[in-house]
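Novice: First, the structure itself, so that you have it in front of you.
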Amino acid sequence: MATTEQERSSVPNVVKFNLPLVAPGSVIDGVILSEITQMSPMFPPVEGLPDEFWKEQSCSNCHEWTQERLCDQANVYVNLSGQKSMEKPHPFGGILKRNLRQWAMGGCE
């Protein structure tokens, strides 16, 4: 059974920390995981947060993401209890969570 382009892009085969992400149509398409926390979220990370606290701000203003910490977060999406987290909104959309999950499943290389 053939997969559609959307299905292929939503679950990438290989995700590496220093390789561009494959997320066609998404703001994170072509972005490298090691640089993603320097980006500004697409919507507030917390509902009701005033614009001045998140618009045109990078994720690193609030988070100290290192490769190790990002891997810890990515591993949350791998375990059974983390599957529910996959459905919750994310400031970069669900495609980032799916890429992080795939990265964790590959050993966070």
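Per our numbering, the very first residue in the sequence shown carries number 18; after that it's consecutive.
In this text, a Cβ means the ideal position worked out from N, Cα and C, and glycines have one as well.
Quick caveat: nothing in here was measured; it's all calculated off a predicted structure.
Return yes when the Cβ of residue 58 is within less than 8 Å of the Cβ of residue 106, no when it is not.
Specialist: Not in contact: residue 106 and residue 58 (Cβ atoms no closer than 8 Å).
Novice: How would you call residue 26, buried or exposed, if buried means at least 16 neighbouring beta carbons within 10 angstroms?
Specialist: Caution is warranted here: a pLDDT of 43 is assigned to residue 26, below 50, making its placement in the model unreliable, and no coordinate value can be reported.
Novice: Select from 71, 102 and 55 the residue whose C-alpha is nearest the C-alpha of residue 83.
Specialist: 55
Novice: Mapping the DSSP letters down to three states, classify residue 45 as helix, strand or coil.
Specialist: coil
Novice: Which partner residues does residue 37 have in the DSSP bridge list?
Specialist: 49
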